[in-house]
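1 is the number of the first residue of the sequence shown in my numbering; add one for each residue after it.
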Amino acid sequence: MSGVQQVTVGPEEGEQRLDRWLKRQFPQITQGLIEKSCRKGEIRVDGGRVKASTRVMPGQMVRIPPLPDGEAAPAPAKPRMTASDAEMIEAAVIWKDQHVIALNKPAGLPSQGGSGQGGRHVDGLTEALMFGYKERPVLVHRLDKDTSGVLLLARTPRVARRLSEAFRHRATRKIYWALVAGVPQPAMGTIRYGLVKAGARGQGEKMRCIHPDEVAQVEGAKRALTDYAVLERLGARAAWVALSPITGRTHQLRAHMAEIGHPIIGDGKYGGSAQENLGDGWGAGIGGAVSRKLHLHARSLRLEHPVTGAMLELTAPLPPHMAESWKLFGWSAGDVPADPFEDA
Numbered sequence: 001m002s003g004v005q006q007v008t009v010g011p012e013e014g015e016q017r018l019d020r021w022l023k024r025q026f027p028q029i030t031q032g033l034i035e036k037s038c039r040k041g042e043i044r045v046d047g048g049r050v051k052a053s054t055r056v057m058p059g060q061m062v063r064i065p066p067l068p069d070g071e072a073a074p075a076p077a078k079p080r081m082t083a084s085d086a087e088m089i090e091a092a093v094i095w096k097d098q099h100v101i102a103l104n105k106p107a108g109l110p111s112q113g114g115s116g117q118g119g120r121h122v123d124g125l126t127e128a129l130m131f132g133y134k135e136r137p138v139l140v141h142r143l144d145k146d147t148s149g150v151l152l153l154a155r156t157p158r159v160a161r162r163l164s165e166a167f168r169h170r171a172t173r174k175i176y177w178a179l180v181a182g183v184p185q186p187a188m189g190t191i192r193y194g195l196v197k198a199g200a201r202g203q204g205e206k207m208r209c210i211h212p213d214e215v216a217q218v219e220g221a222k223r224a225l226t227d228y229a230v231l232e233r234l235g236a237r238a239a240w241v242a243l244s245p246i247t248g249r250t251h252q253l254r255a256h257m258a259e260i261g262h263p264i265i266g267d268g269k270y271g272g273s274a275q276e277n278l279g280d281g282w283g284a285g286i287g288g289a290v291s292r293k294l295h296l297h298a299r300s301l302r303l304e305h306p307v308t309g310a311m312l313e314l315t316a317p318l319p320p321h322m323a324e325s326w327k328l329f330g331w332s333a334g335d336v337p338a339d340p341f342e343d344a
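So this is what it looks like as structure tokens:
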């Protein structure tokens, strides 16, 4: 066993999860040991308590408790990327230059590994996205597993730091498209409910909404804001809505829409299973024709290019299951504004 160590995060090592940084520094360390040491306060960053998911920054000092010798816990074998996975992730690229890669992430593919996610995720497939570079590109934000759409990767650590800062300071414009049960009233507004984890550790990531006046009184609750706009409707049964998250909380859009009585179709976790919410009266077979997959898509992302300074506007086509629903309802992207909030 080694003794306590104080290790400085290098200039090219920032903007990555603490657990990933630790595994690169100490291949013998396991995820379980990292999680346990963080909970006990044995692993600290600049003297403060952290989680395994905390992102480290260049120059920070990481306290490392005594670790087992390398032979005691060898690094697990890295799953081999299949040719079909490489082809799939390359086909997901919708834009790239020397600094940035943008994907249209498929629904059902996690952004990163983690509890219950297995070994197949975007972060684990980035070897196929090197395009001649020596280093893999780095994720600078994430989407839920079942959410499709625009996902950014940085091709160098310097660009990763700049993009991460843009997301952290909300210098980006994100618009999601969703199919929701019923039609929100009014047709445009802002949802202001705070969010807090609904269950105890190990019960998943489901969030519970808190009235904005009570957020400060609820331990662990965080302020959350979502702008919404109804783009099209199908009678009173369902609506195509645009959603723009002002804050970036876990499951924010899903929890917010459910809280106002209009859950996203296909969202079983927040009460949006398609057939039950669409109800009867659609005509023969229409309710049953709607996919049970989550109908939430990161449609567009606008931000300043981290190197050139030019405005970067990225748009991702709908995933197949949502495209089928839009076709069923006779909806077309050309009939709605790209940014309905622009002049609001």
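Yeah, the Cβ is synthetic: ideal placement off N, Cα and C, and Gly gets one too.
Shortest alpha-carbon distance to lysine 145 belongs to which of Leu303, Pro58, Leu294?
For the residues Leu303, Pro58, Leu294, the minimum Cα distance to lysine 145 belongs to Leu294.
Would you kindly work out how many angstroms separate the C-alpha atoms of alanine 160 and isoleucine 246, rounded to a whole number?
When rounded, the distance between both Cα atoms is 21 Å.
State the start and end residues of the unbroken beta strand (DSSP E) segment that holds alanine 102.
Segment 100-105, the beta strand (DSSP E) holding alanine 102.
Tell me whether tyrosine 270 is buried or exposed, calling it buried when 16 or more other Cβ atoms sit within 10 Å of its Cβ.
Buried: at least 16 other Cβ atoms inside 10 Å.
Which first and last residues belong to the beta strand (DSSP E) in which aspartate 6 is found?
Residue 6 is actually glutamine in this sequence, not aspartate. Taken as a continuous stretch (DSSP letters only), the beta strand (DSSP E) holding glutamine 6 covers 5-8.
Less than 7 Å between the CB of alanine 229 and some heavy atom of the ligand ZN, yes or no?
Annotation note on the ligand ZN: not contained in the displayed structure, which lists no ligands.
Ignore the nearest five residues each way along the sequence and tell me which others in proline 184's own chain have a CB closer than 7 Å to its CB.
For proline 184, where only same-chain residues beyond five positions count, the Cβ hits under 7 Å are Tyr228, Val230, Ala239, Val241, Ile260, His262.
For valine 307 and alanine 289, what's the separation of their Cα atoms in angstroms?
Near 45 Å, if we compare the C-alpha coordinates of alanine 289 and valine 307.
Since glycine 108 and histidine 121 are thought to touch, with beta carbons under 8 Å apart, how far apart are those beta carbons, to the nearest angstrom?
Between histidine 121 and glycine 108 the Cβ distance is about 11 Å, and since that is not below 8 Å, they are no contact.
By the three-class DSSP mapping on this structure, what secondary structure does threonine 315 have?
Looking at threonine 315 - three-state DSSP - the assignment turns out to be strand.
With H, G and I counted as helix, E and B as strand and the rest as coil, what does DSSP make of glycine 159?
The displayed chain sequence assigns valine, not glycine, to residue 159. Valine 159: helix per DSSP, three-state reduction.
Anyone know if the C-beta pair for alanine 166 and leucine 301 falls short of 8 Å?
Cβ distance not < 8 Å, so alanine 166 and leucine 301 don't count as in contact.
Between the Cα of arginine 192 and those of Pro68, Thr226, Ala216, Arg208, spot the shortest distance and give me the residue it belongs to.
It is Thr226 whose Cα lies nearest to the Cα of arginine 192.
Between the alpha carbons of glutamate 324 and methionine 311, how many angstroms are there, rounded?
About 32 Å.
Can you tell me the Cβ-Cβ gap for leucine 151 and leucine 163, rounded? I've got them flagged as a contact below 8 Å.
The Cβ separation is near 12 Å, so there is no contact.
Suppose you measure from the CA of alanine 92 to the CA of alanine 128; what does that come to, to the nearest Å?
Near 11 Å, if we compare the C-alpha coordinates of alanine 128 and alanine 92.
Which whole-angstrom value is the C-beta distance of valine 7 and valine 56, which I expect to be below 8 Å?
So it is not a contact: roughly 10 Å between Cβ atoms.
Sort Val180, Ile94, His256, Thr54 by Cα distance to glycine 194 and report the nearest one.
Per the Cα distances, His256.
Taking just the CA atoms, how far does lysine 134 sit from alanine 73?
With a pLDDT of 42 at alanine 73, under the threshold of 50, the modelled position of this residue cannot be trusted; read the value that follows with caution. Straight-line Cα distance between these residues: approximately 28 Å.
Can you tell me whether glycine 182 is helix, strand or coil according to DSSP?
Coil, per DSSP.
What is the rounded straight-line gap between the Cα of methionine 322 and the Cα of valine 4?
Going by the C-alpha atoms only, they are around 52 Å apart.
For the alpha helix (DSSP H) containing glutamate 35, list its first residue and its last residue.
That run of the alpha helix (DSSP H) goes 31-39.
Beta carbon of serine 37, beta carbon of proline 68: below 8 Å?
Result no, Cβ atoms of serine 37 and proline 68 do not sit closer than 8 Å.
Which first and last residues belong to the beta strand (DSSP E) in which aspartate 227 is found?
Counting along the chain, the beta strand (DSSP E) containing aspartate 227 begins and ends at 226-234.
Could you tell me which residues DSSP pairs with proline 245 in its beta bridges?
In DSSP, proline 245 forms a bridge with Thr226.
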